[in-house]
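Down below is the structure, laid out as structure tokens.
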Amino acid sequence: MKKPSIPTNERERLRALLEYEVLDTACESTYDDVVKLASMICGTPMALISLVDQDRQWFKAHLGLDATETPREISFCGHAIHGEGVFEISDAQNDSRFFDNPLVTGETQVRFYAGAPLITPEGHAIGTLCVIDHAPRQLTDEVKEALTSLSKLVVRQLETDKKLRTKRETFDQLKALTKKVAEQEIQLNQAEKLRSLGEMAGGIAHEINSPLSVIQSSAAAVIRRLRERQDPRDSEIESKLHKIMETVTRISEITRGMLLYSRDGRVDDLETCSVTEVMDMAMGLIKGQMSSRGIQYDLIVDSDVDVICSKQKVVQIMTNLLQNSRDAIEGLSEKWIVVKVKPNAARGQVEVCVEDSGNGIPFEIREKMSRPFFTTKPAGRGTGLGLNICRNLAKAQGGSLFLDETAVHTTFVLSLPAAKAA
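Under the working numbering, the first residue of the sequence shown carries the number 19, and numbering increases by one thereafter.
Next comes the structure, spelled out in structure tokens:
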């Protein structure tokens with residue numbers, strides 16, 4: 019048996035074959051129809067679209083043969099790819115190159131073979147459209163021409179598939195790029211809104227804070243005088259004055275929140291510090307409120323690692339998260355908050371998970387959480403800016419703050435950059 023020789027342009031030929039991304043793909047009716055037509059035209063029981071890979075010939079379509087591939091070293095197609103015309107073996111048993119070939123002596127019983135090479139536009143023969151018979155025979159010139167035409171049709175279909183795949187990939191890339199541009203546009207719009215909000219908040223703070231201070235101090239002075247008089251009839255007036263002071267405080271909180279939200283997010287006091295130390299500081303500020311409300315709280319640290327952060331800003335974030343959890347579970351029979359600290363080596367971050375006994379946040383609320391001034395708290399409690407401010411502060415420190423939507427209980431995750439080991 020004579021093994022097929024390797025073409026001189028084998029590397030380029032294989033590269034051309036791989037570019038079609040057709041090897042080991044599923045059957046397709048377009049190619050199946052071609053082998054049926056080839057079988058009918060040539061009058062043979064078997065027809066194949068054979069692609070000659072490095073060590074095998076793989077059949078994109080096959081009729082009359084159950085196998086999907088055979089070794090290249092025994093293939094007839096490995097010989098056929100060396101020429102431009104139809105490679106024909108009238109009787110393999112009487113051909114010195116094939117008489118002892120396993121495809122001739124084995125179950126396949128190949129006696130007749132004719133293969134038209136599949137030649138790419140660049141001139142690389144990547145396989146054949148071939149027909150096979152169990153009896154000796156010979157094709158007429160007209161039939162050979164028809165087989166060649168069908169082989170060209172196969173190549174054109176491969177080219178079409180490749181172009182469609184390229185267009186789909188380009189479309190997917192364009193779609194992803196469009197999405198990215200849209201996201202950047204949203205970010206730019208948000209930045210513009212923040213800039214405008216900053217200018218407005220600055221003006222509000224300047225114009226409103228002074229009158230608010232006067233109103234608050236005046237109300238406090240009147241309350242003192244009323245108490246000095248000790249007249250029971252003044253209790254209603256004192257109550258209304260307290261409401262005025264509460265309203266003034268509320269307006270001051272909104273103004274301060276707008277100023278914080280509109281800042282450019284720069285954090286200048288980054289330092290390397292123990293994550294446990296920072297968590298203890300935050301928990302210490304709110305533990306009295308937890309105990310008085312019957313809330314069980316705990317801090318779990320896998321390992322005390324250092325993070326790069328602003329202590330003050332992280333304490334501010336944690337205080338906000340803990341207060342949100344405190345308010346959210348206030349009416350529950352089971353009230354607990356657990357803060358878990360765990361390193362995420364893969365991301366080079368340390369994750370602080372604030373989990374409470376709540377059953378998660380409904381989807382419709384999750385969608386609105388990123389909107390400024392949105393709050394689920396009753397009127398007069400919360401500005402709806404706290405979570406947005408915390409997100410901006412986390413981002414400014416090289417971290418992130420997000421809701422873990424996979425958790426059973428309500429869980430927010432603060433991620434901070436881990437300090438590199440010395």
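All residues carry an ideal CB built from backbone N, CA and C; glycine is no exception.
Note that the structure is predicted; figures quoted are calculated from it, not measured.
Which residues mark the beginning and the end of the beta strand (DSSP E) in which residue i is found?
i, result
"residue 151", "143–151"
"residue 360", "354–362"
"residue 370", "367–374"
"residue 288", "Per DSSP, residue 288 belongs to no beta strand (DSSP E) and is neither H nor E."
"residue 319", "314–319"
"residue 333", "Premise fails: residue 333 lies in the alpha helix (DSSP H), 329–346, not in any beta strand (DSSP E)."
"residue 429", "429–435"
"residue 304", "Here residue 304 belongs to no beta strand (DSSP E); instead the alpha helix (DSSP H) covers 293–310."
"residue 135", "130–137"
"residue 421", "418–421"
Does the Cβ-Cβ distance between residue i and residue j come in under 8 Å?
i, j, result
"residue 372", "residue 293", "no"
"residue 31", "residue 25", "yes"
"residue 137", "residue 102", "yes"
"residue 421", "residue 409", "no"
"residue 149", "residue 79", "no"
"residue 134", "residue 169", "yes"
"residue 172", "residue 59", "no"
"residue 337", "residue 379", "no"
"residue 296", "residue 332", "yes"
"residue 304", "residue 341", "yes"
"residue 151", "residue 117", "no"
"residue 436", "residue 361", "yes"
"residue 241", "residue 254", "no"
"residue 316", "residue 347", "no"
"residue 145", "residue 69", "yes"
"residue 307", "residue 263", "no"
"residue 291", "residue 434", "no"
"residue 339", "residue 189", "no"
"residue 312", "residue 353", "yes"
"residue 165", "residue 132", "yes"
"residue 121", "residue 71", "no"
"residue 176", "residue 38", "yes"
"residue 432", "residue 414", "no"
"residue 323", "residue 368", "yes"
"residue 237", "residue 206", "no"
For a cutoff of 8 Å on Cβ pairs, would you count residue i as touching chain B?
i, result
"residue 331", "This model lacks chain B altogether; it includes just one protein chain."
Which two residues bound the contiguous alpha helix (DSSP H) that contains residue i?
i, result
"residue 121", "120–123"
Quick one: measure Cβ to Cβ for residue i and residue j, integer angstroms, because I've assumed they're closer than 8 Å.
i, j, result
"residue 355", "residue 343", "5 Å"
"residue 20", "residue 115", "4 Å"
"residue 52", "residue 147", "7 Å"
Those runs of the alpha helix (DSSP H) which lie wholly inside the segment 27–107 and span at least 4 residues: 28–37, 47–60 and 95–98
Three CB pairs or more closer than 8 Å across the segment 71–86 and the segment 105–112: no
Touch test, the segment 35–43 against the segment 118–133, Cβ-Cβ under 8 Å, three pairs minimum: no
Inter-stretch contact (C-beta, 8 Å, three-pair minimum) for the segment 154–169 and the segment 90–98: no
Contact between the segment 288–302 and the segment 249–269 (3+ Cβ pairs under 8 Å): no
Entirely enclosed beta strand (DSSP E) segments - the segment 227–273, minimum 3 residues: none
Inside the segment 151–178 only - alpha helix (DSSP H) runs reaching at least 4 residues: none
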